[in-house]
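Residue numbers (my numbering): 319 to 818. Data first, discussion second: the structure below is written as structure tokens.
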């Protein structure tokens, strides 16, 4: 009990300290915060044009991982959040508001004392994902709108701007995708985590769009009717089951509200599609974030054409940027696997084909690089559909590794290719380790480079150099990797960027 008492004390003290720090930061002059200082410094060095170029290329991605020291339950985190919210409200001593505040704090602290701090069972990857989603939801709903609005105002003060469709800050996650050394992260776990992320993100988007419905009460009787907006509404109303008929009557003279209602209906249909695993139906639901962004673009353009510039560049622009950052999955999931796992799969595949003069496992690293590069550039599949039809080709361990690539392919079909963009190869020692993963991705249908306009690479490959010797030879490893014509084509298709 004494240990728990100290633990609770430090949790509460930390919450109080965070509230105090936030107040201290808020009392500082606005120009002393990090956003104005950074924008001012860049503008002074590069000028307005250079600042705009820097902003246009800004792409920061913060990655969530399941850290072993973060074992707090969501029930505890939620109570601490509510305690912080109460402490953040100033009340006068002796007032009814202060008494109510003290009562609420006492109730929360009492309940917190009677709540288990730790789970009795080991948290699953799905539990870890829910924990990360708790923070991500708070960020997108509360922090990011204010941050984006502040950044945009500072940029405008220095002759630059933030495009409505630009995503300067995005989030990624390893939770549910980091398989290296974690046997609990299977293809099924990855599937579950992606569904959790998607449902949370779509619920967030529905809330944001619902807020806009309350705000954009623009009447066509006063501003006129926008032709493109009317055409878009006609397409939406063709799917009568997806648009509330009551809303159609209620917002008959308010086309922006009606369009936002149709967007909300499509988001709800998207959520149902993902839950059922069905395919995307154009016009009924959103296939990816780009379709949602296109609707936002149309709304903003219509507002501008009819005297609504401030509304277009205000709440609507911020909402669009927040949802551009969250997408339909809140965070991009990175998948990571140990380099040797890929070679184990390929050993069984190459040995089945029987074209090598000795077993694949006996090849040197240089020989593997040559064989893999040649095979990656060929138009034939190594084993084709037989890999799924003949269960004897792979054993349980190698099939588990290969199935992750198939799971990525299925996730792209369900959520769009932005849901998983990166495949990380841990313990990379040479170019062959990256080529091995790329070849398995090709077998699963994630990469296709037959030549010409049909070439595509739905995922990028990232070598993780973890040992000193590999770090010292990083340049040589990358030179060899990028010297392979087929792999270089993959990099070109991914925007000529090779992440390390």
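Note that CB positions come from ideal geometry on N, CA and C, so glycine has one too. A quick note: this is a predicted structure, and the numbers were derived from the prediction, not measured.
Query: In the DSSP assignment, the alpha helix (DSSP H) including residue 520 goes from what residue to what residue?; Result: 505 to 533
Query: Whose CA, out of 620, 610, 701 and 788, lies closest to the CA of residue 733?; Result: 610
Query: Going by DSSP, what residues sit across from residue 502 in a beta bridge?; Result: Looking at the DSSP assignment, residue 502 forms no beta bridge with any residue, so it has no partner.
Query: Which same chain residues, not among the five before or five after residue 404, have their C-beta less than 8 Å away from its C-beta?; Result: 419, 422, 423 and 426
Query: By the three-class DSSP mapping on this structure, what secondary structure does residue 387 have?; Result: A caution first: residue 387 carries a pLDDT of 48, below 50, which makes its placement in the model unreliable, though a value can still be read off. Residue 387 falls in the coil class under three-state DSSP.
Query: Within 10 Å of its beta-carbon, does residue 819 have 16 or more other beta-carbons around it, so buried, or fewer, so exposed?; Result: Since the first and last residues shown for the chain are 319 and 818, residue 819 lies out of range.
Query: If you follow the alpha helix (DSSP H) that residue 428 is part of, which residue opens it and which one closes it?; Result: 414 to 431
Query: With contact counted as at least three CB pairs below 8 Å, one residue from each stretch, are the segment 774 to 781 and the segment 756 to 765 in contact?; Result: yes
Query: Using the beta-carbon count (16 or more within 10 Å), is residue 687 buried or exposed?; Result: buried
Query: Where residue 516 and residue 505 are concerned, what is the direct C-alpha to C-alpha distance, given to the nearest angstrom?; Result: 17 Å
Query: For the alpha helix (DSSP H) holding residue 380, just list the boundary residues, first then last.; Result: It is not in any alpha helix (DSSP H) - residue 380 instead sits in the beta strand (DSSP E) that spans 378 to 382.
Query: Among residues of its own chain, excluding the 5 on either side of residue 575, which ones have a beta-carbon nearer than 7 Å to its beta-carbon?; Result: 531, 534, 535 and 569
Query: Pop quiz: residue 466 and residue 518 are said to be a contact at Cβ under 8 Å. What is the actual Cβ separation, rounded to whole angstroms?; Result: No, residue 466 and residue 518 are not in contact; Cβ-Cβ is about 20 Å, not under 8 Å.
Query: Nearest CA to the CA of residue 550: which residue from 725, 619, 482 and 326?; Result: 619
Query: Beta carbon of residue 743, beta carbon of residue 681: below 8 Å?; Result: no
Query: Whole angstroms are fine: how far does the CA of residue 439 sit from the CA of residue 459?; Result: 31 Å
Query: DSSP three-state label for residue 607, please.; Result: helix
Query: When we look at the beta-carbon of residue 502 and count the other beta-carbons within 10 Å, is it buried (16 or more) or exposed?; Result: exposed
Query: From this set, 360, 614, 453 and 816, which residue's C-alpha is nearest residue 399's C-alpha?; Result: 453
Query: Any idea if residue 367 is buried or exposed, counting beta-carbon neighbours within 10 angstroms, 16 or more meaning buried?; Result: exposed
Query: So what does DSSP say about residue 631, is it helix, strand or coil?; Result: helix
Query: Unbroken alpha helix (DSSP H) runs of length 4 or more, entirely within the segment 426 to 491: which are they?; Result: 443 to 456 and 462 to 475
Query: Going straight from the alpha carbon of residue 626 to that of residue 537, what length do you get?; Result: 11 Å
Query: Could you check where the beta strand (DSSP E) with residue 740 kicks off and where it finishes?; Result: 740 to 744
Query: Distance, Cα to Cα, residue 726 vs residue 717?; Result: 14 Å
Query: Of all the options 481, 684, 334 and 593, which has the alpha carbon lying nearest to the alpha carbon of residue 634?; Result: 481
Query: Rounded to the nearest angstrom, what separates residue 649 and residue 411 at their Cα positions?; Result: 43 Å
Query: Taking 8 Å as the CB-CB limit, is residue 363 close to chain C?; Result: Here chain C cannot be found, since the structure has a single protein chain.
Query: Among 692, 697, 771 and 758, which residue has its Cα nearest to the Cα of residue 803?; Result: 692
Query: By the DSSP assignment, the beta strand (DSSP E) with residue 656 in it spans what residues?; Result: 653 to 656
Query: Is the beta carbon of residue 713 within less than 7 Å of some heavy atom of the ligand ADP?; Result: The ligand ADP is not among the ligands present in this structure, which contains no ligands whatsoever.
Query: For residue 489, is the classification buried or exposed, using 16 other Cβ atoms within 10 angstroms of its Cβ as the cut-off for buried?; Result: buried
Query: Whose C-alpha, out of 705, 710 and 709, is nearest the C-alpha of residue 723?; Result: 705
Query: Could you say which of 572, 599, 463 and 806 lies nearest to residue 695 if we only look at CA atoms?; Result: 806
Query: For residue 359, count neighbouring C-beta atoms within 10 Å of its own C-beta (all shown protein chains included) and say buried if the count is 16 or more, exposed if not.; Result: exposed
Query: Going by alpha carbons, who is nearest to residue 646 out of 522, 628, 758 and 580?; Result: 522
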